[in-house]
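>
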Amino acid sequence: DAGVIQSPRHEVTEMGQEVTLRCKPISGHNSLFWYRQTMMRGLELLIYFNNNVPIDDSGMPEDRFSAKMPNASFSTLKIQPSEPRDSAVYFCASSTRGLGGETQYFGPGTRLLVL
Amino acid sequence: AQSVTQLDSQVPVFEEAPVELRCNYSSSVSVYLFWYVQYPNQGLQLLLKYLSGSTLVKGINGFEAEFNKSQTSFHLRKPSVHISDTAEYFCAQVRRSASKIIFGSGTRLSIRP
């Protein structure tokens, strides 16, 4: 299996621009997670989906952030407008069934720099 | 609120020496506990997890961890480390029947030859 695929791997953009991060989970996994990793705040869960439905988006920092999962094999995380404090590594992960005791499989991450 | 405390931000050890990475969790209810490893410029990978049953959990790459409910700890150990173990290690907890996973701040393990 190819594992979790994220694109792009690196993104440099200017403040105010829209940024879209993409994720393809492992085939057959029903849950998908978006994380943000920064030096200051560590690893934070932003949102997660079960069967394409958002279950908990309480980690989404503000309305500039939105996430969608139109089908079982694709999800996007969008930031509009982007700000320098959004600079971070964004990870997507998937699991067979939600949180609880399930193992999450992480993608390689998207390193975002907002100038 | 839930929290996971990793007591050491950095742990330097010599190759082939034993290592212990400390983790304390905060939940008063039953939890699932995890250790993940992150190699440079990569995503996280599961080392091991505690769901229930035996308090000693064995994982990949020779790592093991012991669940201690009375001390609310889940320390990670390896009897003999290798250069390839150089990475950042994250402890995480999920409360049963909860929708949150909380990660610790990470411990950077550096191996000296």
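Those sequence lines, one after another, are chains A and B. Take 5 as the starting number for the first sequence in my numbering and just add one per residue. Take -16 as the starting number for the second sequence in my numbering and just add one per residue. Every residue gets a Cβ at the ideal spot worked out from N, C-alpha and C, and that includes glycine. Please read these numbers as outputs of a predicted model, since none were measured by experiment.
1. Output, in sequence order along the chain, the residues in the region 7 to 29 of chain B whose CB is closer than 9 Å to any CB in chain A.
2. So is Ser(-8)/B in contact with chain A if we call contact Cβ pairs under 8 Å?
3. How many angstroms separate the CA atom of Glu3/B from the CA atom of Asn75/A?
4. Under the rule that 16 or more other beta-carbon atoms within 10 Å means buried, what is Gly71/B, buried or exposed?
5. Using the C-alpha atoms, what's the distance from Cys74/B back to Lys32/B?
6. Establish whether the CB of Val40/B and some CB of chain A are separated by less than 8 Å.
7. Check each candidate in Lys52/B, Arg5/B, Ser10/B and Ser63/B and name the one with the smallest Cα separation from Trp18/B.
8. Relative to chain B, which residues along the region 41 to 70 of chain A have a C-beta separation below 7 Å, given in chain order?
9. Suppose you measure from the CA of Ile59/A to the CA of Arg26/A; what does that come to, to the nearest Å?
10. Under the rule that 16 or more other beta-carbon atoms within 10 Å means buried, what is Arg97/B, buried or exposed?
11. Please specify which runs of the beta strand (DSSP E), each continuous and at least 3 residues long, are wholly inside the region 31 to 74 of chain B, giving them in chain order.
12. Rounded to the nearest angstrom, what separates Glu49/B and Leu59/B at their Cα positions?
13. For Arg13/A, tell me which candidate among Ser67/B, Val12/B, Gln25/B and Ser(-8)/B has the shortest Cα-Cα distance.
14. Would Ile94/B and Ile66/B be called neighbours here (beta carbons separated by less than 8 Å)?
15. Report all residues from its chain with a CB closer than 6 Å to the CB of Val40/B; omit the five preceding and five following residues, and keep chain order.
16. Who are the near neighbours of Arg40/A in its chain, counting only those whose CB is closer than 7 Å to its CB and skipping five residues on each side?
17. Between Ser86/A and Thr55/B, what straight-line distance do the alpha-carbon atoms span, to the nearest angstrom?
18. Can you give the Cα-Cα distance for Asp68/B and Leu92/B, rounded to whole angstroms?
19. Can you tell me whether Glu(-1)/B is buried or exposed, with buried defined as 16 or more other CB within 10 angstroms of its CB?
20. Given that Thr107/A touches chain B, what residues does it touch there, using C-beta distances under 9 Å?
21. Alpha carbon to alpha carbon, how far is Tyr52/A from Glu22/A?
On the basis of the supplied data:
1. Tyr15, Phe17, Tyr19, Gln21, Asn24, Gln25, Gly26, Leu27, Gln28 and Leu29
2. no
3. 42 Å
4. Just to set this straight, residue 71/B is Glu in the shown sequence, not Gly. So Glu71/B counts as buried.
5. 10 Å
6. no
7. Answer by Cα proximity: Arg5/B.
8. Gly46, Leu47, Leu49, Ile59 and Asp60
9. 19 Å
10. Here chain B covers residues -16 to 96 and nothing more, so residue 97/B does not appear.
11. 39 to 41, 47 to 51 and 56 to 61
12. 7 Å
13. Of Ser67/B, Val12/B, Gln25/B and Ser(-8)/B, the residue nearest in Cα terms is Gln25/B.
14. yes
15. Within the same chain, Leu31, Tyr33 and Ala48 come within 6 Å of Val40/B by CB-CB distance, once the 5 residues on both sides are set aside.
16. Glu48, Leu50, Ala92 and Tyr94
17. 40 Å
18. 7 Å
19. exposed
20. Phe17, Leu29 and Lys32
21. 21 Å
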